[in-house]
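To start, the structure itself, in structure tokens.
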Amino acid sequence: MKSGAKLVRYGLLISLPALWFIYLIAQSPRGVDFFPLYFAAQRVLAGHSPYGAAATDALQQQWQAPFAHAGVAYPLPLILLIIPFSLLAFPLAAWLWTLLGAALTYLCVGIPRPDAAAWFVRHEQQWMLVLLPLAFMPFHRSVVVSQATLVWFGLAVVMLWAISRRQPWLVAGCIVLLALKPQNGLLVALYGAVWLFRTRARWLGLAAA
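In terms of my numbering, the sequence shown is numbered consecutively and its last residue is 209.
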């Protein structure tokens with residue numbers, strides 16, 4: 001009976017991610033939400049502004065999305081961080097961006113425990129937790145369109161872990177990155193800043209702000 005249950009678990013661990021991978025490959029186009037960031041980073045790299053009428057017209061010609069007329073809605077510091085991705089071909093850059101977001105999201109499965117790796121080995125059945133994000137529809141949607149939300153969710157998890165481990169430098173770094181996309185990370189960044197101010201790391205909180 002135990003061997004049958006183990007076989008089912010391993011079957012799910014192999015088949016479900018494989019089905020996800022096949023589904024993602026079949027998606028066309030991929031990385032829809034990532035393209036404005038990629039486009040803006042390439043313009044900065046070429047010495048052009050990612051904002052304004054000229055940039056918006058160029059974006060509309062290349063990005064077939066219903067809200068392309070709004071132009072690039074990301075702040076410049078975030079665009080600067082994407083420049084390394086803009087050096088790559090878009091399909092590869094979109095895949096790497098998606099993998100980065102997925103990896104950060106999966107931190108929520110193991111990062112709450114300092115001995116997470118050993119704990120998973122000792123409790124074999126807990127490997128089923130790895131499947132939980134795959135059953136979460138917002139995660140599915142974010143992966144399909146390569147939303148930056150995945151990265152900010154992972155940063156929020158890292159910051160909360162750093163608070164629990166009392167690592168003010170890591171908290172301050174997460175605050176800076178989370179604030180680069182205010183609609184996703186501002187409230188979490190403010191929580192981290194309040195924690196820094198309530199500890200003896202007030203100067204770090206001021207620097208992050």
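Ideal placement from N, C-alpha and C gives every residue a C-beta, glycine not left out.
Burial state of residue i (16 or more Cβ within 10 Å)
i      : result
LEU160 : buried
LEU187 : exposed
GLY47  : exposed
VAL194 : exposed
ARG165 : exposed
ALA93  : buried
ALA54  : exposed
ARG198 : exposed
PHE67  : exposed
MET1   : Low local confidence applies: a pLDDT of 46 at MET1 is under 50, so the model's placement there is unreliable, and no value is given.
Minimum C-alpha distance to residue i - residue among the options
i      : options                       : result
TRP152 : GLY71, LEU104, ARG43          : LEU104
VAL157 : GLY192, GLN183, GLN42         : GLY192
LEU99  : THR56, PHE34, ALA58, ALA162   : PHE34
PRO182 : ASP57, THR56, ILE163, ALA148  : ALA148
LEU45  : PRO77, ILE83, LEU178, THR56   : ILE83
ILE163 : ALA179, ASP57, ALA189, LEU150 : ALA189
Residues of its chain near residue i, where Cβ-Cβ distance is below 8 Å and the 5 sequence neighbours each way are ignored
i      : result
LEU88  : LEU96
ARG122 : Note that ARG122 scores 49 on pLDDT, short of 50, meaning its location in the model is unreliable; the coordinates nonetheless yield the value given after this. Result list for ARG122: empty, nothing under 8 Å.
GLY212 : The structure shown does not extend to residue 212, since the chain is modelled only from 1 through 209, so no value can be given for it.
GLN62  : PHE35, PHE39
LEU59  : PRO36, PHE39, ALA68, GLY71, VAL72
Close-in-space but distant-in-sequence residues of the same chain around residue i (CB under 7 Å, 5 per side omitted)
i     : result
ALA40 : PRO50, VAL72, TYR74, ILE79
PHE85 : TYR38, ALA41, ALA93, LEU96, TRP97
ALA65 : VAL32
Cut-off 6 Å between Cβ atoms - residues of its own chain near residue i, not counting five sequence neighbours on either side
i     : result
PRO36 : VAL72
PRO77 : LEU180
THR56 : GLY71
LEU81 : none
Cβ of residue i within 9 Å of any chain C Cβ
i     : result
PRO77 : Absent from the structure is chain C; it holds one protein chain and no more.
The region 67-74 touching the region 48-58, judged by at least three CB pairs closer than 8 Å: yes
In chain order, each alpha helix (DSSP H) run of at least 4 residues that lies wholly inside the region 42-113: 53-62, 76-86, 90-110
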